[in-house]
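Under our numbering, the sequence shown has 443 at position 99, and the numbering climbs by one with no breaks.
From the three backbone atoms N, C-alpha and C, an ideal C-beta is built for every residue, glycine too.
On a predicted model such as this, the values are computed, not experimentally measured, just so you know.
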Amino acid sequence: MRWVADLFLLLGAGFLLLGALGLVRMPDVYNRIQAGTKSVTLGSVSFLFGIALLYPDWWAKVLCIIGFILFTSPVGSSTIARAVYIAGVRPWRLDADAPDAADPPKLEPKSE
């Protein structure tokens, strides 16, 4: 049972790390909210489930904390996103005319 708990702890830590990376890498507040909320919620729940497997006496407390996280995290993030939208922050959009990074540069002949 110990290895299953360790697996959930590592899985939770991995999702928390991905959430932190998403907060740094995403281009605007809407994408950052999405990256942070999804991965941090899943990471926290996985981590807490691993703790509950390690310490069976804590099941009731851990389940209450998991329920609290599952309820408040999406509500909080949607409230923040709504406030940002009302404040007038526009979502980030990729410029359709910008070349993709994978496109080779277009070489035009030189006229002499």
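Going by the beta-carbon positions, is the gap between residue 390 and residue 356 smaller than 8 angstroms?
Residue 390 sits at position 46 when you count from the first residue of the sequence shown. Residue 356 sits at position 12 when you count from the first residue of the sequence shown. Their beta carbons are under 8 angstroms apart, which means residue 390 touches residue 356 by this criterion.
Cα-Cα separation, residue 358 to residue 407:
In the sequence shown, residue 358 corresponds to position 14, counting from 1. In the sequence shown, residue 407 corresponds to position 63, counting from 1. Approximately 21 angstroms, taken between the alpha carbons.
From this set, 353, 383, 348 and 349, which residue's C-alpha is nearest residue 365's C-alpha?
In the sequence shown, counting from the first residue as 1, residue 365 sits at position 21. Looking at the Cα atoms, 383 is the closest of the given residues.
Classify residue 434 as buried or exposed, calling it buried when 16 or more other Cβ atoms lie within 10 Å of its own Cβ.
Your numbering for residue 434 matches position 90 in the sequence shown. With fewer than 16 other Cβ atoms from the protein chains shown falling within 10 Å of its own Cβ, residue 434 counts as exposed.
Which same chain residues, not among the five before or five after residue 388, have their C-beta less than 6 angstroms away from its C-beta?
Walking along the sequence shown from the start, residue 388 turns up at place 44. The residues 413, in chain order, have a CB closer than 6 angstroms to that of residue 388 in the same chain once the five nearest residues on each side in sequence are set aside.
How is residue 419 classed by DSSP in three states: helix, strand or coil?
One-based indexing of the sequence shown puts residue 419 at position 75. Helix.
Expressed to the nearest angstrom, what Euclidean distance is found between the alpha-carbon atoms of residue 432 and residue 399?
By one-based count along the sequence shown, residue 432 stands at place 88. By one-based count along the sequence shown, residue 399 stands at place 55. Going by the C-alpha atoms only, they are around 47 angstroms apart.
Look at the alpha carbon of residue 377 and the alpha carbon of residue 394, and state the distance between them as a whole number of angstroms.
What you label residue 377 is simply residue 33 of the sequence shown in a count that begins at 1. What you label residue 394 is simply residue 50 of the sequence shown in a count that begins at 1. Cα to Cα, the separation comes out at about 25 angstroms.
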